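Enquirer: Chains as they are written, first to last, in this note's numbering: chain A, 194 to 446; chain B, 194 to 446.
Cβ atoms here follow ideal geometry from the backbone N, Cα and C, with glycine treated the same way.
Keep in mind it's a predicted model, so treat the numbers as computed, not measured.
Sharing a structure, written as structure tokens. Questions coming.
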DNA sequence: CGTGCCAGGTGCCAT
DNA sequence: ATGGCACTTGGCACG
């Protein structure tokens, strides 16, 4: 029942369950419940979930989740900073999680609790991740020759009417180059996006090059790219795990 | 320790934990672990998570999740149909979850298990939800006057070069109307999308009306809408919970 | 099975 | 706070 780090109760009575859950919430623990429950949500949308056996999690940051035995996403949830509480009404145990702005409410009725526990989890580390579009951008800013010899980046996330150009630069002849980055296989939509940017610039002057940069590209996308006179560079996103994400153009101007 | 529905072990030894986890996976149970662990992921991206106390869940459909004490999303995960197993290597307990196509691998090293449990969850019900864009479309097809008196829908999800028009119809004068639906506050991007569709049709003939339908709209979006000569209808998405999603135009033609 | 697109998207960072 | 966008987006419907 006790292990310092966590408290557990199997097949608790309603009152036991209620006390353990409220205790866990108050202590800012990770509350974990296995129970037969139903759920009602009302907020940006509205939903109803009939009775079934599920995993309920209340996190110390206010996150509330109901997980079914399938899928990655919770079937119902509330985001961080929601306020959760347990209460007993007409002999039944309920969990409620409320969010402000937008006003949203999730109510879970617990028909039968099979396991109620909480965990005083200490976790100071954040995920280190690599392979994002942003990392590709960093890499190209630091090694412009990956695009081609003589390429010089000029701006990043450059705002135009139809969106943001990932990297704006010039080739060795001084022609403007518009770089569109995709960290995964590029599809037709990526080509359309690049084309919109290039069209916007071609209104002003000709000789603008559009380059789609991705680890791979679908067949349809490659066809459209060629039709539109745009270019493709096969580049893998970098894989080095870094926590420092701060690469700016200033280092190179 | 035993409750038919679930099995629980507090502060288990490595071997105990290993056996319980493998048992749970084999029985297609919902496996729930509270443990100090670290994680490495390699696949579409790459990540590393240093040691901390977390919630690990393995679902019978193959879903694998590592949850920190914060955020709705798992810090590491594998989707349904992944293959999970536990193993002991050099005296340490590991969990591994592998996915094919794309090839991805998540490995979790368990430094100390505080609670290991599994839950033979029975859950036959699916979520009933209302308030989606699709529901708005259904509602407008069934009650065209919500757009305006005399409006007649002609086609839904009508394919054009730049995408799909949510609803195509005609007003009482026979002018073509292009309806763009948003189930929540519409932003500039919604106006741009509508404008692209309208432009495509205006090439062919004039007198085409574009209508953005949403429960609300941002200030910037409203300005752009007026500049472009487009219209706005404030409509809330319907709230009735229905499981039957099948409303087609055929009912009205 | 790939392709496209919505989501109570969530999360992150800019203004 | 609001907006704009990437995400190991996930999930679904459709060709």
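#1: Which of the residues in the region 288–320 of chain B, read from start to end, lie with their CB under 7 Å from any CB of chain A?
#2: Taking only three categories from DSSP, how would you classify residue 271 of chain A?
#3: With 9 Å as the threshold, decide whether the Cβ of residue 262 of chain A is near any Cβ in chain B.
#4: So what's residue 395 of chain B in DSSP terms, helix, strand or just coil?
#5: Under the three-state reduction of DSSP, which class applies to residue 314 of chain A: helix, strand or coil?
#6: Where does residue 159 of chain A sit, in a helix, a strand or coil, going by DSSP?
#7: What three-state label does DSSP hand residue 217 of chain B in the structure shown?
#8: In angstroms with no decimal places, state the Cα-to-Cα distance between residue 313 of chain B and residue 375 of chain B.
#9: Within 9 Å (strictly less), CB to CB, does residue 324 of chain B reach chain A?
#10: Roughly how many whole angstroms lie between the Cα atoms of residue 282 of chain B and residue 305 of chain B?
#11: Could you check the C-alpha separation between residue 250 of chain A and residue 270 of chain A for me, to the nearest Å?
#12: Count the C-beta pairs between the region 324–335 of chain A and the region 416–433 of chain A that are closer than 8 Å, then say yes if the count reaches three, no if not.
#13: I need the DSSP call for residue 401 of chain A, collapsed to helix, strand or coil.
#14: Taking the Cβ atom as the reference point for each residue, do residue 292 of chain B and residue 278 of chain B lie within a distance shorter than 9 Å?
#15: Using a C-beta to C-beta distance shorter than 9 Å, which residues of chain B count as neighbours of residue 246 of chain A?
#16: Quick one: using the 10 Å Cβ neighbour count with 16 as the cut-off for buried, is residue 382 of chain A buried or exposed?
#17: With 7 Å as the limit, tell me which residues of the region 200–211 of chain B have their beta carbon closer than that to any beta carbon of chain A; keep them in chain order.
#18: Helix, strand or coil for residue 337 of chain B, going by three-state DSSP, please let me know.
#19: Along the region 411–437 of chain B, what residues have a CB closer than 9 Å to any CB found in chain A?
#20: In angstroms with no decimal places, state the Cα-to-Cα distance between residue 319 of chain B and residue 311 of chain B.
#21: Could you tell me the boundaries of the beta strand (DSSP E) in which residue 359 of chain A lies?
#22: Report buried or exposed for residue 198 of chain B, applying the criterion of at least 16 other Cβ atoms within 10 angstroms of its Cβ.
#23: Applying a beta-carbon distance threshold of less than 8 Å, which residues of chain A neighbour residue 276 of chain B?
#24: Anything in chain A within Cβ reach of residue 243 of chain B, meaning under 7 Å, just list it in chain order.
#25: Looking at the structure shown, is residue 416 of chain B part of a helix, part of a strand, or coil, going by DSSP?
#26: Alpha carbon to alpha carbon, how far is residue 360 of chain B from residue 205 of chain A?
#27: Can you tell me whether residue 274 of chain A is buried or exposed? The criterion is at least 16 other CB atoms within 10 Å of its CB, across all chains shown.
#28: How is residue 437 of chain A classed by DSSP in three states: helix, strand or coil?
#29: State the start and end residues of the unbroken beta strand (DSSP E) segment that holds residue 246 of chain B.
#30: Is it true that the CB of residue 243 of chain A sits closer than 9 Å to the CB of residue 252 of chain B?
#31: From residue 215 of chain A to residue 264 of chain B, what does the alpha carbon distance come to, in whole angstroms?
#32: Could one say the Cβ of residue 406 of chain A lies closer than 9 Å to chain B's Cβ atoms, at least one of them?
#33: Based on Cα-Cα distance, which residue from A/334, A/308, A/247 lies nearest to residue 213 of chain A?
#34: Could you tell me whether any Cβ in chain A is nearer than 9 Å to the Cβ of residue 219 of chain B?
#35: Is residue 232 of chain A buried or exposed, if buried means 16 or more other CB atoms sit within 10 Å of its CB?
#36: Using C-beta distances below 6 Å, list every residue in its chain close to residue 299 of chain A, excluding the 5 sequence neighbours before and after it, in chain order.
Expert: So, from the listed chains and residues:
#1: For the region 288–320 of chain B, which is checked against every Cβ of chain A, the residues closer than 7 Å are 307, 308, 310, 312, 314, 315, 316, 317, 318, 320.
#2: Working through the first chain from its first residue, we reach residue 271 of chain A at position 78. Reduced to three states, the DSSP call for residue 271 of chain A is strand.
#3: Translated into the one-based positions of the first chain, residue 262 of chain A becomes position 69. At least one chain B Cβ lies under 9 Å of residue 262 of chain A.
#4: Numbered from its first residue, the second chain carries residue 395 of chain B at position 202. Looking at residue 395 of chain B - three-state DSSP - the assignment turns out to be helix.
#5: For the purposes of this step, residue 314 of chain A is taken as the residue at position 121 of the first chain. Residue 314 of chain A falls in the coil class under three-state DSSP.
#6: No statement about residue 159 of chain A is possible, as the shown extent of chain A runs from 194 to 446 and does not include it.
#7: Within the second chain, residue 217 of chain B is the residue found at index 24, counting from 1. Three-state result, residue 217 of chain B: helix.
#8: Position 120 of the second chain, counted from the start, is the residue given in the question as residue 313 of chain B. Position 182 of the second chain, counted from the start, is the residue given in the question as residue 375 of chain B. About 40 Å.
#9: On the second chain, position 131 is the one that residue 324 of chain B refers to. True, the Cβ-Cβ gap to chain A drops below 9 Å.
#10: Indexing the second chain from 1 puts residue 282 of chain B at position 89. Indexing the second chain from 1 puts residue 305 of chain B at position 112. Cα to Cα, residue 282 of chain B sits roughly 14 Å from residue 305 of chain B.
#11: Locating residue 250 of chain A in the first chain gives position 57, where the first residue counts as 1. Locating residue 270 of chain A in the first chain gives position 77, where the first residue counts as 1. Between residue 250 of chain A and residue 270 of chain A, the C-alpha separation is close to 9 Å.
#12: yes
#13: Taking the first residue of the first chain as position 1, residue 401 of chain A is located at position 208. Residue state, collapsed to three classes: coil.
#14: As a first step, residue 292 of chain B is located in the second chain; it is residue number 99 there, counting from the start. As a first step, residue 278 of chain B is located in the second chain; it is residue number 85 there, counting from the start. Not a contact, by the Cβ cut-off of 9 Å.
#15: In the first chain, the residue the question calls residue 246 of chain A occupies position 53. Within 9 Å Cβ-Cβ: 198, 223, 312, 313, 314, 315, 316.
#16: The residue labelled residue 382 of chain A in the question sits at position 189 within the first chain. Result: exposed.
#17: 201, 203, 204
#18: Along the second chain, one-based indexing puts residue 337 of chain B at 144. DSSP places residue 337 of chain B in helix when its eight states are reduced to three.
#19: 430, 432, 433, 434
#20: The count along the second chain starts at 1 and reaches residue 319 of chain B at position 126. The count along the second chain starts at 1 and reaches residue 311 of chain B at position 118. Going from the Cα of residue 319 of chain B to the Cα of residue 311 of chain B covers about 22 Å.
#21: Walking along the first chain from the start, residue 359 of chain A turns up at place 166. That run of the beta strand (DSSP E) goes 356–363.
#22: Counted from its first residue, the second chain places residue 198 of chain B at position 5. Residue 198 of chain B is buried by the Cβ-count criterion.
#23: Numbered from 1 along the second chain, position 83 holds the residue referred to as residue 276 of chain B. Near residue 276 of chain B there are no residues of chain A at all, since even the closest Cβ is about 15 Å away, more than 8 Å.
#24: One-based indexing of the second chain puts residue 243 of chain B at position 50. Residues of chain A passing the Cβ test: 318.
#25: Counted from its first residue, the second chain places residue 416 of chain B at position 223. Helix.
#26: For the purposes of this step, residue 360 of chain B is taken as residue 167 along the second chain, with counting starting at 1. For the purposes of this step, residue 205 of chain A is taken as residue 12 along the first chain, with counting starting at 1. C-alpha separation (whole angstroms): 53 Å.
#27: Residue numbering aside, residue 274 of chain A sits at position 81 when the first chain is read from its first letter. Under this definition residue 274 of chain A is an exposed residue.
#28: To locate residue 437 of chain A, count along the first chain from 1; it is residue 244. Summary for residue 437 of chain A: the model assigns pLDDT 39, below 50, so the residue's position carries little reliability, and this model does not support an answer.
#29: On the second chain, position 53 is the one that residue 246 of chain B refers to. Run containing residue 246 of chain B: 239–251, per the beta strand (DSSP E) assignment.
#30: Residue mapping note: residue 252 of chain B aligns to position 59 of the second chain, counting from 1. Residue mapping note: residue 243 of chain A aligns to position 50 of the first chain, counting from 1. The answer is no: Cβ separation not under 9 Å.
#31: Stepping through the first chain from its first residue, residue 215 of chain A is reached at position 22. Stepping through the second chain from its first residue, residue 264 of chain B is reached at position 71. Between residue 215 of chain A and residue 264 of chain B, the C-alpha separation is close to 20 Å.
#32: Against the first chain, residue 406 of chain A aligns to sequence position 213. Chain B places no beta carbon closer than 9 Å to that of residue 406 of chain A, leaving this residue out of the contacts.
#33: The residue you call residue 213 of chain A lines up with position 20 of the first chain. When each option's Cα is compared against that of residue 213 of chain A, the closest is A/308.
#34: One-based indexing of the second chain puts residue 219 of chain B at position 26. Answer no: the Cβ-Cβ gap between residue 219 of chain B and chain A never drops below 9 Å.
#35: In the first chain, counting from the first residue as 1, residue 232 of chain A sits at position 39. Around the Cβ of residue 232 of chain A, a 10 Å sphere holds 16 or more other Cβ atoms; the residue is buried.
#36: Counted from its first residue, the first chain places residue 299 of chain A at position 106. Closer than 6 Å at Cβ, skipping near neighbours: 234, 269, 271, 290.
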